[in-house]
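Protein chains in written order, with my numbering: chain U, 82 to 339; chain S, 82 to 339.
Glycine included, C-beta positions come from ideal geometry on N, C-alpha and C.
Worksheet: one structure, shown below.
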């Protein structure tokens, strides 16, 4: 059975998240339904990351097996045709080795979190950012963020229902960029706990508002208790940007570098 | 009567354009309706540029007169509250000299045109770009664009219903930037003819596709006939970015530099 890897963009707004759930629409269901039309059979799709309701993707990576060999160009076009009613699209598609696994082989995941810091309501970026009206100190947020970089027990930033075996994770890098009222957090790690990015940005925004000192983020981390962290940021600002695999160039020839 | 200047962002998708028209919803109507609630009187609003249906604004500038003096902070907040059901928001608001005129005193207008050049349908950027699936040669488009810079008779790029007294206009600069599948045209001029930007980009895309040679854009310009130009690009890719006035700093203290 040939295996295919697809890179997806989606607007998470109308979905309950990546993963299939009864009674609500998931990106997985939409994608598997499109595949089933072509394959005449149910097909299971595996994703690099299970994004939550309202979270967007610029480069989610998935894999699936088909019984028949398809021309990748035609398969991408056909799937995009059946996906069309939904804001989900395949940016690139390739046949890959049967050893490729979108989730298990990912060595790095990049997310970004978009804040728009202004009084005026959002027009062009509704559902694409967290709208914060009180002024934020980006330098202080960036300073505080550096306490989170490295190998730590992230219990403070972990959702109650997180199914990860261990709260210990490694963050490779966090940095902020800002232009006018747009403040963006860029974050890279091998993997994340459930709600980890949104809980971290929710906490860093407390620093940005001046409610917390940067050093309090270090204390919160060390407390290893969810109650010590800040609130969970809304999903609309979160974008799953990119997944890195070993020998990226081999597996991902036309990888979207966005 | 105090005069106020407001800088507006809007998503042009649901509107018939800036200007009031019978039976359809305009940004002008939405804005004047919000103002009338506060002023207890009809108020006329003057805009720097009359954007078409579907065209967006990041920094449209308008002015209007009120009978009573308002605190600008409160006036902005109140207007944004009444505008809220619509994707229209005031980014900044200030009282200005009674001599200020949003349209007549503008000395420079900046637009940008967004193309997304990829096979996959748009998800996150629906209604925010022109989706072109055939590969475009950006360097050729940029080369061809330089024939349009300067003082010319732009009859070739002028809409039939254009009300401008003369087809002669000056373009200060056009340049393209591109990142992954995103191609953006940036253009600056004192003022534009009706549909001028969309007709120019429609023509430059012919060059990008390889249908036209860059030199044919020069010939089209010199033909001074709309039939010699390319098609009109869709409005969804066009953003009215910024308006420049003399003594910008005086009139526009917290001008959005987007």
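Would you mind stating whether residue i and residue j have Cβ atoms separated by less than 8 Å?
i                      : j                      : result
residue 235 of chain S : residue 285 of chain S : no
residue 133 of chain S : residue 98 of chain S  : yes
residue 251 of chain U : residue 283 of chain U : no
residue 192 of chain U : residue 320 of chain U : yes
residue 301 of chain U : residue 314 of chain U : no
residue 159 of chain U : residue 90 of chain U  : no
residue 324 of chain U : residue 93 of chain U  : no
residue 291 of chain S : residue 219 of chain S : no
residue 279 of chain S : residue 175 of chain S : no
residue 199 of chain S : residue 129 of chain S : no
residue 343 of chain U : residue 202 of chain S : Past the boundaries of the shown model lies residue 343 of chain U; chain U is included only from 82 to 339, so the question cannot be answered.
residue 207 of chain U : residue 195 of chain U : no
residue 237 of chain U : residue 305 of chain U : yes
residue 83 of chain U  : residue 147 of chain U : yes
What's the call for residue i, buried or exposed, on a 16-neighbour Cβ count within 10 Å?
i                      : result
residue 261 of chain U : exposed
residue 249 of chain U : exposed
residue 167 of chain U : buried
residue 150 of chain S : exposed
residue 102 of chain S : exposed
residue 215 of chain S : exposed
residue 266 of chain U : buried
residue 244 of chain S : exposed
residue 253 of chain U : exposed
residue 185 of chain S : exposed
For residue i, report the span of its beta strand (DSSP E) as first-last.
i                      : result
residue 326 of chain S : Here residue 326 of chain S belongs to no beta strand (DSSP E), and DSSP marks it neither H nor E.
residue 250 of chain S : 249–252
residue 263 of chain S : 263–270
residue 226 of chain S : Segment 219–226 is the alpha helix (DSSP H) holding residue 226 of chain S; no beta strand (DSSP E) there.
Are the C-beta atoms of residue i and some chain S residue less than 8 Å apart?
i                      : result
residue 296 of chain U : no
residue 161 of chain U : yes
residue 204 of chain U : yes
residue 91 of chain U  : yes
residue 201 of chain U : yes
residue 267 of chain U : no
residue 333 of chain U : Unreliable placement is indicated for residue 333 of chain U, whose pLDDT of 47 sits below 50; no coordinate value is reported for it.
residue 137 of chain U : yes
Within the 8 Å Cβ cut-off, does residue i reach chain U?
i                      : result
residue 254 of chain S : no
residue 172 of chain S : yes
residue 191 of chain S : no
residue 165 of chain S : yes
residue 86 of chain S  : no
residue 207 of chain S : yes
Just to check, is the beta-carbon of residue i closer than 7 Å to a non-hydrogen atom of the ligand ADP?
i                      : result
residue 108 of chain S : In the structure on display, the ligand ADP does not appear, and there are no ligands present to speak of.
Alpha carbons only, please: which of the options is nearest the one belonging to residue i?
i                      : options                       : result
residue 95 of chain U  : U:88, U:127 and U:135         : U:135
residue 100 of chain U : U:82, U:126, U:291 and U:84   : U:126
residue 223 of chain S : S:147, S:178, S:188 and S:296 : S:296
List the endpoints of the continuous alpha helix (DSSP H) containing residue i.
i                      : result
residue 118 of chain U : 108–120
residue 162 of chain S : 153–164
residue 172 of chain U : Premise fails: residue 172 of chain U lies in the beta strand (DSSP E), 169–177, not in any alpha helix (DSSP H).
residue 280 of chain U : 277–289
residue 302 of chain S : 295–304
At least one CB of chain A closer than 8 Å to the CB of residue i: is that the case?
i                      : result
residue 169 of chain S : The chain inventory of the structure shown lacks chain A, comprising the protein chains U and S.
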